[in-house]
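Working notes, structure below.
Protein chains: 2
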Amino acid sequence: MSLRHALLGLLAEAPMSGYDLTKRFEHSLGRVWPVRHNQIYTELKALQDEGLIELSDYGPRGRKIYAITQAGLGEIRRWLTEPLDAAARSMRFEPLLRLGFVWILEENDLQSVLAAEEDHYRQQAAWLDEMMATLPDLDSDGSIASRRAVARVGKALYGAMAEAAAALRDTLPSDGGRAGPEA
Amino acid sequence: MSLRHALLGLLAEAPMSGYDLTKRFEHSLGRVWPVRHNQIYTELKALQDEGLIELSDYGPRGRKIYAITQAGLGEIRRWLTEPLDAAARSMRFEPLLRLGFVWILEENDLQSVLAAEEDHYRQQAAWLDEMMATLPDLDSDGSIASRRAVARVGKALYGAMAEAAAALRDTLPSDGGRAGPEA
DNA sequence: ACGGGCATGTAAGCGGTTACATGATTCG
DNA sequence: CGAATCATGTAACCGCTTACATGCCCGT
Numbered sequence: 005m006s007l008r009h010a011l012l013g014l015l016a017e018a019p020m021s022g023y024d025l026t027k028r029f030e031h032s033l034g035r036v037w038p039v040r041h042n043q044i045y046t047e048l049k050a051l052q053d054e055g056l057i058e059l060s061d062y063g064p065r066g067r068k069i070y071a072i073t074q075a076g077l078g079e080i081r082r083w084l085t086e087p088l089d090a091a092a093r094s095m096r097f098e099p100l101l102r103l104g105f106v107w108i109l110e111e112n113d114l115q116s117v118l119a120a121e122e123d124h125y126r127q128q129a130a131w132l133d134e135m136m137a138t139l140p141d142l143d144s145d146g147s148i149a150s151r152r153a154v155a156r157v158g159k160a161l162y163g164a165m166a167e168a169a170a171a172l173r174d175t176l177p178s179d180g181g182r183a184g185p186e187a
Numbered sequence: 005m006s007l008r009h010a011l012l013g014l015l016a017e018a019p020m021s022g023y024d025l026t027k028r029f030e031h032s033l034g035r036v037w038p039v040r041h042n043q044i045y046t047e048l049k050a051l052q053d054e055g056l057i058e059l060s061d062y063g064p065r066g067r068k069i070y071a072i073t074q075a076g077l078g079e080i081r082r083w084l085t086e087p088l089d090a091a092a093r094s095m096r097f098e099p100l101l102r103l104g105f106v107w108i109l110e111e112n113d114l115q116s117v118l119a120a121e122e123d124h125y126r127q128q129a130a131w132l133d134e135m136m137a138t139l140p141d142l143d144s145d146g147s148i149a150s151r152r153a154v155a156r157v158g159k160a161l162y163g164a165m166a167e168a169a170a171a172l173r174d175t176l177p178s179d180g181g182r183a184g185p186e187a
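Which chain is which? The protein sequence lines are B and Y, in order. Residue 187 is where the first sequence ends in the numbering used here, and the numbering goes up by one at each step. Residue 187 is where the second sequence ends in the numbering used here, and the numbering goes up by one at each step.
Okay, here's the thing in structure tokens:
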């Protein structure tokens with residue numbers, strides 16, 4: 005149940021509406037923890053009922069601004085210091101899962117899939133560069149340094165994905181046809 | 005629904021039982037796609053009903069060996085070539101999510117959490133080195149090269165996590181106390 | 001005035017987790 | 001012969017996804 009803590013974390017930075025939070029997930033955070041808008045609204049209600057956030061203001065079009073409470077701050081700090089077990093440290097990253105099985109493909113598909121993957125992750129790495137360039141330099145608040153750190157990890161991951169795809173194109177020149185039951 | 009494809013992928017390598025598949029997830033694959041044994045048994049039944057795998061043999065203690073069928077091979081190849089949208093390319097990696105919010109912590113907790121994270125991921129990287137050393141050198145089958153590629157990406161990720169934690173220890177020397185509502 | 005983005009929700013269903021449950025075989 | 005591991009399942013619950021639904025405000 006990390007969604008609630010992601011919301012608390014974002015609200016620790018500044019008060020925001022469900023719509024604002026949705027945008028933050030869509031544009032960047034969602035790459036590390038994907039969430040849909042309806043899930044956010046549901047969770048905001050639950051967090052409010054538990055006193056971890058509170059309604060601090062209203063805006064146009066029924067806009068509702070939430071702010072984190074002291075109890076909420078306590079809860080996210082608890083979560084941040086909580087030791088993670090092996091299960092919580094696992095990731096769920098389908099592209100990497102797929103990479104582990106590409107050897108099953110036949111020559112033609114293998115080459116085109118790997119080429120597409122390499123291309124995709126080179127672009128993603130470039131996109132992260134642009135994004136990092138738009139982040140303020142000085143840490144007006146401490147959150148900027150944390151966000152840069154996350155972006156750097158993301159860049160390492162995307163770069164490694166591109167490199168791995170490129171390397172496999174040479175290492176896996178054939179096979180695939182031999183896979184499966186010799187029925 | 006990637007579980008079914010992960011199972012098909014492992015069975016494309018060699019026929020196996022649900023218990024064997026569970027072990028594969030526990031020891032390595034689970035870091036990229038965590039799964040519980042009961043989920044595996046449930047999915048195996050479904051895959052068999054759909055004709056994507058078949059019972060190929062029995063063993064001691066009610067052990068049931070499954071093998072992939074031609075239909076199953078077709079299905080995993082379809083999955084491997086299927087274009088992934090942005091949502092499917094997202095990962096769900098709680099430690100990285102946490103890293104983005106550590107700035108909320110106060111000095112003391114911040115330092116100890118970051119030190120623990122760095123230490124943990126240095127160990128994980130070392131563990132991956134050992135694991136890679138145990139993998140056969142020559143690709144008896146093509147799956148070895150794919151597995152090595154996944155391990156290399158994993159190492160890049162773990163290394164980047166350790167580096168990011170280390171860098172943040174210097175970049176985030178204080179703050180935290182100022183976060184939250186000035187209630 | 002109207003189209004597009006802002007803004008918030010509800011309901012059904014599914015994939016995944018937690019807890020429960022049982023029995024066979026091997027090794028010391 | 002008892003403990004550890006092998007080996008497979010069921011049931012309840014919950015978080016998340018998909019689909020549906022509504023209305024307001026701003027810019028052109």
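All C-beta atoms in this analysis are idealised placements derived from N, C-alpha and C, irrespective of residue type, glycine included. Because the structure is a prediction, the values reported are computed rather than measured.
For residue i, which beta-bridge partners are listed by DSSP?
i	result
L161/B	None, per the DSSP bridge assignment.
I57/B	I72/B
Y62/B	K68/B
First and last residue of the beta strand (DSSP E) that includes residue i?
i	result
E30/Y	First-last for E30/Y: 22–31, but that is the alpha helix (DSSP H), not the beta strand (DSSP E).
Could you tell me which of the options sits nearest to residue i, measuring between CA atoms?
i	options	result
Y62/Y	V117/Y, A171/Y, Y23/Y, L11/Y	Y23/Y
G78/Y	H31/Y, I69/Y, G55/Y	G55/Y
L33/Y	K49/Y, D53/Y, L11/Y	L11/Y
I72/Y	T138/Y, L176/Y, L14/Y, A160/Y	L14/Y
P38/B	H31/Y, W37/Y, P19/Y, A91/Y	A91/Y
A129/Y	A160/Y, P87/Y, L114/Y, A120/Y	A160/Y
A119/Y	M20/B, F105/B, P87/B, F97/B	P87/B
R126/Y	R67/Y, A168/Y, G66/Y	A168/Y
A75/Y	Q43/Y, P64/Y, I57/Y	I57/Y
S21/B	R35/B, T46/B, V36/B	T46/B
Y70/Y	F97/Y, R40/Y, L25/Y	L25/Y
H124/Y	R93/B, K49/B, V36/B	R93/B
L48/Y	P19/Y, V36/Y, L109/Y	P19/Y
E121/Y	D89/B, E121/B, F97/B	D89/B
N42/Y	V36/Y, K27/Y, E110/Y	K27/Y
Determine the extent of the alpha helix (DSSP H) in which residue i is found, giving its start and end residues.
i	result
S116/B	111–138
L88/B	Where L88/B is concerned, there is no enclosing alpha helix (DSSP H), given that its DSSP letter is neither H nor E.
G13/Y	7–17
R4/B	Nothing can be reported for residue 4/B: it is not among the residues displayed for chain B, which extend from 5 to 187.
L100/Y	98–103
Measure the beta-carbon distance from residue i to residue j and round it to whole angstroms, keeping in mind my assumption that it falls under 8 Å.
i	j	result
L51/Y	R8/Y	6 Å
M95/Y	M95/B	5 Å
D141/Y	E17/Y	Not really, about 18 Å apart at Cβ, beyond 8 Å.
L59/B	W107/B	Not a contact, Cβ separation roughly 54 Å.
T85/Y	D113/B	5 Å
F105/B	I80/Y	7 Å
V36/Y	F97/B	6 Å
Can residue i be considered in contact with the ligand FMN, in the sense that its beta carbon sits closer than 7 Å to one or more heavy atoms?
i	result
V157/B	The ligand FMN is not part of the structure shown, which contains no ligands of any sort.
- Query: How about the segment 96–103 of chain B and the segment 115–134 of chain Y: do they share at least three Cβ pairs that are nearer than 8 Å?
  - Reply: With a cut-off of 8 Å, the segment 115–134 of chain Y and the segment 96–103 of chain B do not count as touching, because too few Cβ pairs lie within range.
- Given 8 Å as the limit, is there contact between the segment 161–171 of chain Y and the segment 139–158 of chain B, that is, 3 or more CB pairs closer than that? yes
- Message: Can you confirm whether the segment 144–151 of chain Y touches the segment 168–176 of chain B when touching is taken to mean that 3 or more C-beta pairs between the two stretches lie within less than 8 Å?
- Response: yes
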